[in-house]
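Chains as they are written, first to last, in the numbering used here: chain A, 15 to 469; chain B, 31 to 321.
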């Protein structure tokens, strides 16, 4: 999932235009003001003021002004820098010192809860490892940054972590393509929740080769799209899909379309919706709702942020549309969608990892500890990140090395790893761990506020 | 009609933010780049009060009070000091941007960085109007936007304080020389700008929910609306907002959903080329042209 940079660029242009206009306006006003002051020579204050200003040549003013600007700019840059960086524990890598694991996660914005869960999962994994001998007897340290759903920031943070000596990077959920590109460029393993797999890992489609340095343990969009597509094919008279234009939304669409194409059917309506993940603002979908109504499709998969899914549910109700709403892997991963949509979420169909529906003893223990430590329920993103670090330990120990190539090779041959999210494997041609067979369809019941398996 | 009404509803919010920009600029020649964050502050406070189990009305009042207070404080803490040092510097540009970042970070610290629910208010009550369907909340936004424009214009033209603002806008030195307290007027202008943003926030909260980073989106769109309508008059800024809302909705429907992202900026470029001081000035110029 990459961040939306259009708004930032546009804002810069607008601010520049504004500054130009304001300078022009101020100059005009200054000239007019000075002229007025010159004419109103009787007023002592004005005479003094105008004369002083005239004499206080541009040089003096510019010196003071430049100093002010530099100080203000420095202060603002400091503030911005502080805001951009998440908490971190600095450190470096050596053959005997602690092993550094890097993490990039969007802990703010539309998918902020996902990023927070990823960081929490990583913290729990690192704490567990250090309490149980570390990796090859070496302590493990975690250094993480918030990318704020910005692809630019994510790439910078990836490089920063690698420079600090990280042996692998876990994440990011928001900016997977940027992380994948950096992993490929720097020949460093990117593991864990990398934009929920899908097209981020297989850029040329589900049947193509994966990116060699990306090992995704997240909630694979291909798997969710396939599962939701199978439900829609069996239960809907027509399916519309609204999706974001990133690899996240396109990955979900690819999964759904694979099912429909195999059945020789077509989707009733598709549209790509640009969202602002950094600000979490919702988009107006009234136009799309009316277009979908015209197709007579009775099901809509809103493959957008939980905020936009909730806004869609409300707007569809207001427009008198009686759609069956279908979701994505984020819809039921935490309570964001269900709490925002309230009763409008009733009947929404999505899918959960079967391990979530019928948790193992290990997962129950993890969930209890997570709740205890962070005062919020664990999510699959926390579990997947936890699994990724545990799997990294196995890879390093089997390779007996922290070199990137050794770790990559070890990941390519991990088989039957018992993780919280299931029995996980990688091969050189398979770099995602979750497939549609590992999912269970669920329906939201607003009365009990629970996702219950579809009978 | 659906496009028009939906566009007017979203444009009304942009317009309220833009009016806030204009009111502050009108009196102080300063653009408050934390204007969008004042909208966010009203939303977050109202949502927080409601989440605490208190009445929605109390949350609305608290939200408006906080955005108004913050507006005034921004002038006192972030604008006045830099203007006092050098009245002609543009350090306020950086200082107000810094305030925007601080407000966002502060809200995220207090309420968490993710979206929270907001009272539904009238957003679950659809109303059919001239063949289109909008929610009562959207209709309320349009009505309140019109009422606010009328109120601000009456205040500006008919009250002593409003006329004082006009005098300060025309020539602050002269106004000061004849005894006007320009500092009080500037604080009041920033507070009024905060109130306008807060009203926008309360009206849009049920649609966007409460998120500490919302200010960026509405700040940018409000600024675009200001550029379209014109920077000198609050009513023109509202017109800019309404034009922006309707054209964005039109682009969304007739081109594609992504057009609503770039189309507003295309409008701004065209407006700046045709009439650098805003659409209304262009209309005035056209009226003055000899036949």
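Built from N, CA and C at the ideal position, the CB exists for glycine as well.
Which class does residue i belong to by DSSP, given the choice of helix, strand or coil?
| i | result |
| --- | --- |
| residue 279 of chain A | coil |
| residue 15 of chain B | Lying before the first or after the last residue shown, residue 15 of chain B is absent from chain B, which here runs from 31 to 321. |
| residue 220 of chain A | coil |
| residue 51 of chain B | helix |
| residue 314 of chain A | strand |
| residue 431 of chain A | strand |
| residue 464 of chain A | strand |
| residue 423 of chain A | helix |
| residue 332 of chain A | helix |
| residue 338 of chain A | strand |
| residue 444 of chain A | strand |
| residue 150 of chain B | coil |
| residue 307 of chain B | coil |
| residue 297 of chain A | coil |
| residue 160 of chain B | coil |
| residue 265 of chain A | helix |
| residue 187 of chain A | coil |
| residue 290 of chain A | strand |
| residue 285 of chain A | strand |
| residue 454 of chain A | strand |
Exposed or buried, residue i, counting other C-beta atoms within 10 Å across all chains shown (16 or more means buried)?
| i | result |
| --- | --- |
| residue 59 of chain A | Model confidence at residue 59 of chain A stands at a pLDDT of 42, short of 50, so the residue's coordinates are unreliable; what they give is reported in the following sentence. Exposed: under 16 other Cβ atoms inside 10 Å. |
| residue 294 of chain A | buried |
| residue 352 of chain A | buried |
| residue 150 of chain A | exposed |
| residue 336 of chain A | exposed |
| residue 202 of chain B | buried |
| residue 191 of chain B | exposed |
| residue 168 of chain B | buried |
| residue 256 of chain B | buried |
| residue 152 of chain A | buried |
| residue 155 of chain A | buried |
| residue 100 of chain B | buried |
| residue 473 of chain A | What is shown of chain A runs 15 to 469, which leaves residue 473 of chain A out entirely. |
Quick check on the DSSP output: the alpha helix (DSSP H) that includes residue i runs from which residue to which?
| i | result |
| --- | --- |
| residue 177 of chain A | 165-177 |
| residue 103 of chain B | 86-104 |
| residue 284 of chain B | 264-284 |
| residue 303 of chain A | 300-309 |
| residue 135 of chain B | 121-141 |
| residue 247 of chain B | 244-259 |
Excluding five sequence neighbours on each side, which residues of the same chain lie with their C-beta closer than 7 Å to the C-beta of residue i?
| i | result |
| --- | --- |
| residue 174 of chain B | 229 and 233 |
| residue 253 of chain A | 246, 281, 282, 311, 313 and 315 |
| residue 370 of chain A | 394 |
| residue 281 of chain B | 289, 290 and 293 |
| residue 85 of chain A | Bear in mind that the predicted position of residue 85 of chain A carries a pLDDT of just 45, short of 50, making it unreliable; the figure below should be weighed with that in mind. Within the same chain, residue 85 of chain A has no close Cβ partners at all. |
Could you spell out where the beta strand (DSSP E) holding residue i opens and where it closes?
| i | result |
| --- | --- |
| residue 204 of chain A | 204-206 |
| residue 249 of chain A | Careful: residue 249 of chain A lies outside any beta strand (DSSP E), inside the alpha helix (DSSP H) at 235-249. |
| residue 157 of chain A | 154-160 |
| residue 229 of chain A | 228-230 |
| residue 364 of chain A | 363-367 |
Sorted by chain position, which residues of the same chain lie with C-beta nearer than 6 Å to residue i's C-beta, five sequence neighbours on each side aside?
| i | result |
| --- | --- |
| residue 316 of chain A | 256, 323 and 326 |
| residue 241 of chain B | 145 |
| residue 226 of chain B | 46, 49 and 50 |
| residue 128 of chain A | 187 and 395 |
Is it true that the CB of residue j sits closer than 9 Å to the CB of residue i?
| i | j | result |
| --- | --- | --- |
| residue 249 of chain B | residue 120 of chain B | no |
| residue 276 of chain B | residue 43 of chain B | no |
| residue 189 of chain A | residue 168 of chain A | yes |
| residue 11 of chain B | residue 147 of chain B | Residue 11 of chain B lies beyond the residue range present for chain B, which begins at 31 and ends at 321; the question has no answer from this structure. |
| residue 78 of chain B | residue 132 of chain B | no |
| residue 252 of chain B | residue 66 of chain B | yes |
| residue 367 of chain A | residue 453 of chain A | yes |
| residue 429 of chain A | residue 223 of chain A | no |
| residue 269 of chain A | residue 241 of chain A | yes |
| residue 161 of chain B | residue 74 of chain B | no |
| residue 193 of chain A | residue 228 of chain A | yes |
Please go through the same chain and pick out, in chain order, the residues whose beta-carbon is closer than 8 Å to the beta-carbon of residue i, but skip the five residues on each side of it.
| i | result |
| --- | --- |
| residue 307 of chain B | 260, 261 and 262 |
| residue 251 of chain A | 310, 311, 312 and 313 |
| residue 130 of chain A | 119 and 121 |
| residue 172 of chain B | 35, 38, 39 and 42 |
| residue 392 of chain B | Residue coverage of chain B in this structure runs from 31 to 321, which leaves residue 392 of chain B outside it and unanswerable. |
| residue 469 of chain A | none |
Is residue i near the ligand SAM, with its Cβ less than 8 Å from a heavy atom?
| i | result |
| --- | --- |
| residue 53 of chain B | Ligands displayed in this structure: none; no statement on the ligand SAM is therefore possible. |
Between residue i and chain E, is there a C-beta pair that is closer than 9 Å?
| i | result |
| --- | --- |
| residue 124 of chain A | Considering every chain present, this structure includes no chain E. Its protein chains are A and B. |
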